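Below: the structure, in structure tokens.
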Amino acid sequence: MVHFPRWQIVLILLACVLGLGFAAPNVFSEKQVASIPTWLPHKKINLGLDLRGGSHLLLKVDVNSVFREHVASVADSVRGELRSARIRFAGLRVEGKGVRFRVRDLADLEKAREKLRSTVGSATTGSLLSGGGREVTIDAGADGVFRVTLTDQAIRARQDQAIEQSIEVVRRRVDELGTLEPIIQRQGDDRILLQVPGLEDPERLKRILGKTAKMTFHLVDQSEVPRKGMRPPPGTMLLPGDQDENQLYLIKKRIEVGGEDLVDAQPTLQDGQAVVSFRFNSRGARRFGNTTRRNVGKPFAIVLDGKVISAPVIREPILGGAGIISGGFNTKTAGDLALLLRAGALPAPLEPLEERTVGASLGNDSIRQGEFASIIGLVLVIVFMAGAYGRFGLMANVALTANMVLLLGSLSLLQATLTLPGIAGIVLTIGMAVDANVLIFERIREEVRSGRTPISAIDAGYRRAITTIIDSNLTTFIAALMLFFFGSGPIKGFAVTLSIGLATSMFSAIMITRLMISFWLRRKRPAALPI
Amino acid sequence: MALKIVPDNINLAFVRHRKIYFALSAVLFTAAVASTFLQGLNFGIDFKGGILIEARNKTGPADIGAMRAQLNALGLGEVSLQTFGEPNDVLIRVEKQPGGEKAQTQAIRRIKDVFSFLATANEVEPKFTRGQPMVLKGKLNRPGTTVATIEERIAKLSLSGVTVSRDAASGTVQIVLPPQYSSSDTENEAIDKQNAALTKIRDALSIVTYRRTEFVGPQVGKELIMSGVWAVVLALFGILLYVWFRFEWQFSVAAILALTHDILLTLGFFAELELEFNLATVAAVLTIAGYSINDTVVVFDRVRENLRKYKKMPLPELMNKSINETLSRTVLTSVTTLLAVLALVILGGQVIRDFSLALVWGVIIGTYSSICLAVPILLYFNIRRDTFAETAPETEGRAPAE
Numbered sequence: 000m001v002h003f004p005r006w007q008i009v010l011i012l013l014a015c016v017l018g019l020g021f022a023a024p025n026v027f028s029e030k031q032v033a034s035i036p037t038w039l040p041h042k043k044i045n046l047g048l049d050l051r052g053g054s055h056l057l058l059k060v061d062v063n064s065v066f067r068e069h070v071a072s073v074a075d076s077v078r079g080e081l082r083s084a085r086i087r088f089a090g091l092r093v094e095g096k097g098v099r100f101r102v103r104d105l106a107d108l109e110k111a112r113e114k115l116r117s118t119v120g121s122a123t124t125g126s127l128l129s130g131g132g133r134e135v136t137i138d139a140g141a142d143g144v145f146r147v148t149l150t151d152q153a154i155r156a157r158q159d160q161a162i163e164q165s166i167e168v169v170r171r172r173v174d175e176l177g178t179l180e181p182i183i184q185r186q187g188d189d190r191i192l193l194q195v196p197g198l199e200d201p202e203r204l205k206r207i208l209g210k211t212a213k214m215t216f217h218l219v220d221q222s223e224v225p226r227k228g229m230r231p232p233p234g235t236m237l238l239p240g241d242q243d244e245n246q247l248y249l250i251k252k253r254i255e256v257g258g259e260d261l262v263d264a265q266p267t268l269q270d271g272q273a274v275v276s277f278r279f280n281s282r283g284a285r286r287f288g289n290t291t292r293r294n295v296g297k298p299f300a301i302v303l304d305g306k307v308i309s310a311p312v313i314r315e316p317i318l319g320g321a322g323i324i325s326g327g328f329n330t331k332t333a334g335d336l337a338l339l340l341r342a343g344a345l346p347a348p349l350e351p352l353e354e355r356t357v358g359a360s361l362g363n364d365s366i367r368q369g370e371f372a373s374i375i376g377l378v379l380v381i382v383f384m385a386g387a388y389g390r391f392g393l394m395a396n397v398a399l400t401a402n403m404v405l406l407l408g409s410l411s412l413l414q415a416t417l418t419l420p421g422i423a424g425i426v427l428t429i430g431m432a433v434d435a436n437v438l439i440f441e442r443i444r445e446e447v448r449s450g451r452t453p454i455s456a457i458d459a460g461y462r463r464a465i466t467t468i469i470d471s472n473l474t475t476f477i478a479a480l481m482l483f484f485f486g487s488g489p490i491k492g493f494a495v496t497l498s499i500g501l502a503t504s505m506f507s508a509i510m511i512t513r514l515m516i517s518f519w520l521r522r523k524r525p526a527a528l529p530i
Numbered sequence: 000m001a002l003k004i005v006p007d008n009i010n011l012a013f014v015r016h017r018k019i020y021f022a023l024s025a026v027l028f029t030a031a032v033a034s035t036f037l038q039g040l041n042f043g044i045d046f047k048g049g050i051l052i053e054a055r056n057k058t059g060p061a062d063i064g065a066m067r068a069q070l071n072a073l074g075l076g077e078v079s080l081q082t083f084g085e086p087n088d089v090l091i092r093v094e095k096q097p098g099g100e101k102a103q104t105q106a107i108r109r110i111k112d113v114f115s116f117l118a119t120a121n122e123v124e125p126k127f128t129r130g131q132p133m134v135l136k137g138k139l140n141r142p143g144t145t146v147a148t149i150e151e152r153i154a155k156l157s158l159s160g161v162t163v164s165r166d167a168a169s170g171t172v173q174i175v176l177p178p179q180y181s182s183s184d185t186e187n188e189a190i191d192k193q194n195a196a197l198t199k200i201r202d203a204l205s206i207v208t209y210r211r212t213e214f215v216g217p218q219v220g221k222e223l224i225m226s227g228v229w230a231v232v233l234a235l236f237g238i239l240l241y242v243w244f245r246f247e248w249q250f251s252v253a254a255i256l257a258l259t260h261d262i263l264l265t266l267g268f269f270a271e272l273e274l275e276f277n278l279a280t281v282a283a284v285l286t287i288a289g290y291s292i293n294d295t296v297v298v299f300d301r302v303r304e305n306l307r308k309y310k311k312m313p314l315p316e317l318m319n320k321s322i323n324e325t326l327s328r329t330v331l332t333s334v335t336t337l338l339a340v341l342a343l344v345i346l347g348g349q350v351i352r353d354f355s356l357a358l359v360w361g362v363i364i365g366t367y368s369s370i371c372l373a374v375p376i377l378l379y380f381n382i383r384r385d386t387f388a389e390t391a392p393e394t395e396g397r398a399p400a401e
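Line order of the protein sequences matches chains A and B.
Numbering-wise, numbering that gives the first Met the number 0 puts 142 at position 143 of the first sequence, and it's gapless, one number per residue.
Numbering-wise, numbering that gives the first Met the number 0 puts 97 at position 98 of the second sequence, and it's gapless, one number per residue.
Printed below as a string of structure tokens:
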């Protein structure tokens with residue numbers, strides 16, 4: 000226990016140096032940190048919203064409305080297919096997870112079944128790239144009553160998609176707020192967590208989120224070459240590209256089809272090429288069919304929030320209401336475009352469940368007070384330890400200071416979020432970190448009392464105290480782990496600092512103090528321990 | 000040379016006086032349970048939903064009475080105000096408003112109107128359009144406010160070209176804020192600058208600055224309670240398993256009894272002092288559990304060691320010896336932890352004061368329960384000495400390496 004192999008010494012010192020290196024950026028200003036070369040540690044501790052100020056919004060996606068729309072679109076398709084096949088039916092209505100209706104003439108039963116099976120019934124859930132199961136099941140009774148029911152898998156897939164889409168819409172809209180860097184995460188089944196550091200007026204954010212984005216399909220005016228600053232001919236407008244602001248398009252103002260008629264868009268493979276397939280509802284299909292029939296060979300622009308996403312050329316009339324956009328996509332860009340097409344408008348209303356805004360002034364006060372409390376706590380503990388254990392206490396204090404450096408270094412390295420309760424966790428760690436050393440020193444005292452020589456007492460003291468240290472720290476760690484899994488936001492931050500603090504304090508008490516004692520023993524070879 | 004806080008050969012009769020401690024704990028426990036259930040916990044908005052606003056009065060101490068009267072006049076149901084830390088900081092709590100999220104947002108806007116010279120809650124919000132001025136509309140608010148009051152306050156902001164006018168017929172005041180960005184700014188930079196200017200104006204027109212605004216819906220509150228309860232229950236269960244695995248079932252039952260005692264006493268502490276019970280409190284409770292079990296395990300460790308060492312010593316004596324042998328460590332660690340946590344209570348700021356107070360309380364009762372409850376409780380379970388004898392008694396110190 001008293002002897003250290005050379006490699007261990009090297010590792011311990013290395014850990015301390017690394018800790019110092021990773022903790023170092025925190026003492027510099029943002030500007031200075033920006034000038035640190037990237038091969039050096041250059042990350043500061045990531046402050047939570049409660050310390051840096053900003054808005055936190057927990058939004059709920061109304062999946063029920065997604066479901067209602069989903070069923071309604073099935074009803075729409077069924078009605079359309081039956082009409083196009085001239086099958087007379089009655090009592091078509093939404094029931095449970097699907098629709099039911101009755102064919103008027105039982106002679107049409109097989110015809111209706113075949114028609115539905117080959118159209119509505121052949122649709123699959125999700126994208127073709129990821130595969131998927133049937134969208135609906137079709138049951139027909141001998142009495143002519145049909146039930147077209149959405150599969151659970153289809154409902155689930157549509158809701159998942161609605162949430163992904165909502166996240167994309169939220170991201171696009173938050174970008175309108177300026178140069179803020181939002182954090183947007185999916186949480187649980189139907190929630191979106193939105194954190195915007197630096198935003199102190201969430202009212203604006205909520206207004207923007209509540210607005211409906213507008214997606215429209217237009218014809219492109221080819222009578223003039225678009226150029227910056229030109230006066231667009233009457234009935235047209237000059238719009239920038241979505242990806243490249245300098246790419247300009249001259250677009251006819253007349254809306255051919257509105258995005259509200261688009262029911263789906265998916266990335267797909269066609270002849271080995273990534274393309275985006277899309278589908279309109281019956282109204283959109285009719286309008287889209289008319290437009291494409293009359294304009295084969297001309298470009299057709301998809302405009303989202305005043306920017307042109309893409310302007311593909313119409314190759315042939317698209318009459319079925321479903322089409323494909325091709326144009327040099329890879330699977331990623333095709334996926335993005337499909338998402339954008341779906342993301343035109345929010346698929347479902349967003350309801351804020353929770354909203355917390357902290358002003359930068361409060362955040363700054365919290366940091367200042369937290370720092371001050373930590374430093375005073377540290378000083379008090381250091382003075383107390385020096386008083387209680389003399390020379391050994393000083394060594395424990397060096398280890399305690401090293402522990403703080405390691406803790407700050409780990410937090411910076413892991414980019415864990417430091418919250419106000421997290422600072423409390425650090426202060427608590429300061430108090431509890433010396434526990435391991437106290438255990439060891441008390442044990443050494445006991446061994447000295449029972450008549451051992453200094454080296455033997457230190458050796459036995461360490462050896463016997465270690466099981467206790469591990470037992471007691473592991474049980475505390477269990478509590479911290481539960482906090483991490485069940486806590487939210489700031490509390491998670493507390494659990495993180497507490498757990499990292501446990502680890503670094505064990506390391507510093509067991510390794511660093513012991514190393515110092517070992518050096519001291521070798522140099523002084525004391526006859527009695529000053530403990 | 001070092002100061003000894005606890006004398007070397009201390010021998011206090013913890014185990015002999017256990018009945019006194021049990022009685023004391025029983026009384027405290029009953030009081031805590033009664034307080035928790037009769038008085039009830041003062042749930043924060045985390046758990047019951049509602050609105051919380053922390054505002055700082057710009058001109059010295061806040062007049063809570065006047066503020067309360069003004070807010071009550073809004074008819075938002077239960078409104079509570081208290082100073083928070085400093086005399087010019089006010090914490091406003093408003094119960095959840097009936098109606099959806101819009102009702103909460105509107106309530107927040109109306110509360111903010113109360114403290115502003117310009118009431119804007121019922122007006123259309125200013126909109127950003129590149130190259131166009133932003134227009135903030137509202138009605139004069141607060142006694143004695145004139146257009147001149149507003150002009151005077153805005154003039155201090157050194158924004159260029161802001162005009163204030165009042166429509167005599169409708170009484171609507173209109174503040175026109177011309178673009179505060181240059182044409183070379185990108186769209187986002189322009190939005191940033193314009194919004195910053197608007198925020199400045201709003202701030203200048205208010206007698207307070209807002210430090211925190213929170214709203215929690217009741218649904219989230221219920222889930223937060225559930226996850227809090229789960230965290231505590233699973234932590235206890237995890238600790239139970241670990242102690243069982245490392246010691247014996249008797250030890251883990253004794254530890255859990257002591258922990259339950261600590262947790263309930265902490266709840267009672269919150270109920271009795273009417274401290275706010277929020278998410279941070281759950282964290283405090285779990286931390287206390289972690290600290291207390293840490294303490295308990297240290298003493299248990301010594302009991303186990305002594306069980307191996309002194310095969311003939313009567314159990315009460317053996318346990319008392321174990322407590323006394325570790326007493327110095329228990330006291331020292333409690334003192335260092337208390338020092339750190341007290342620094343947090345006194346200097347850490349109002350936002351985490353309740354949390355820090357709970358930790359102080361927890362360190363005290365955690366230490367007490369480890370010594371005076373957990374170990375004496377062990378006596379009532381039939382500890383079989385032979386379970387520990389299987390492990391070979393510790394060999395007398397391997398020869399030191401040097």
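For each residue, glycine too, the CB sits at the ideal point set by N, CA and C.
Computed from a predicted model, the values in this text were never measured in an experiment.
Residue-level contact to chain B via CB, residue i, 9 Å cutoff
i, result
"D159 (chain A)", "no"
"Q368 (chain A)", "yes"
"A33 (chain A)", "no"
"S165 (chain A)", "no"
"F493 (chain A)", "yes"
"R444 (chain A)", "yes"
"K205 (chain A)", "yes"
"T467 (chain A)", "yes"
"E350 (chain A)", "yes"
Nonlocal neighbours in the same chain, by C-beta distance under 6 Å from residue i, ignoring five residues either side
i, result
"V256 (chain A)", "F216, G283, R286 and F287"
"A359 (chain A)", "G52"
Sequence-distant residues of the same chain with beta carbon closer than 7 Å to residue i, five excluded per side
i, result
"V274 (chain A)", "T267, I323, I324, S325, F328 and A333"
"M312 (chain B)", "none"
"Q414 (chain A)", "K42 and N45"
Any chain A beta carbon closer than 9 Å to residue i
i, result
"R301 (chain B)", "yes"
"S181 (chain B)", "no"
"S321 (chain B)", "no"
"V297 (chain B)", "yes"
"T259 (chain B)", "no"
"K47 (chain B)", "no"
"F354 (chain B)", "yes"
Contacts around residue i, its chain only, beta-carbon distance under 8 Å, and the 5 residues preceding and following it disregarded
i, result
"K192 (chain B)", "Q179, Y180 and D184"
"N194 (chain B)", "F127"
"L263 (chain B)", "F28, A31, V32 and T35"
Integer Cβ distance of residue i from residue j, believed to fall under 8 Å
i, j, result
"T428 (chain A)", "L406 (chain A)", "7 Å"
"A234 (chain B)", "A423 (chain A)", "Actually they do not touch by this definition, with Cβ atoms about 18 Å apart."
Residues in the segment 382-413 of chain A with C-beta within 8 Å of chain B's C-beta atoms, listed in sequence order?
F383, M384, G386, A387, Y388, G389, R390, F391 and G392
Check whether the segment 61-71 of chain A and the segment 158-175 of chain A are in contact - that is, three or more C-beta pairs closer than 8 Å.
yes
Would the segment 319-338 of chain B count as touching the segment 4-14 of chain B if we require 3 or more Cβ pairs under 8 Å?
yes
Contacting positions in the segment 273-296 of chain B - beta carbon closer than 8 Å to chain A:
L278, A279, V281, A282, L285, T286, A288, G289, Y290, I292, N293, D294 and V296
If the cut-off is 9 Å on Cβ atoms, which residues from the segment 418-450 of chain A count as contacting chain B, listed in chain order?
L419, P420, I422, A423, G424, V426, L427, T428, I429, G430, M431, A432, V433, D434, V437, L438, F440, E441, R442, R444, E445, E446 and R448
Say whether the segment 287-301 of chain B touches the segment 41-53 of chain B, bearing in mind that this needs 3 or more beta-carbon pairs closer than 8 Å, one atom from each stretch.
no
Where the segment 204-236 of chain B meets chain A: residues whose CB sits under 8 Å from a CB there
T208, Y209, R210, R211, T212, E213, F214, V215, G216, Q218, V219, L223, S226, G227, W229, A230, V231, L233 and A234
The segment 339-352 of chain B: which residues have C-beta closer than 7 Å to a C-beta of chain A, in chain order?
A339, V340, A342, L343, L346, G347, G348, V350 and I351
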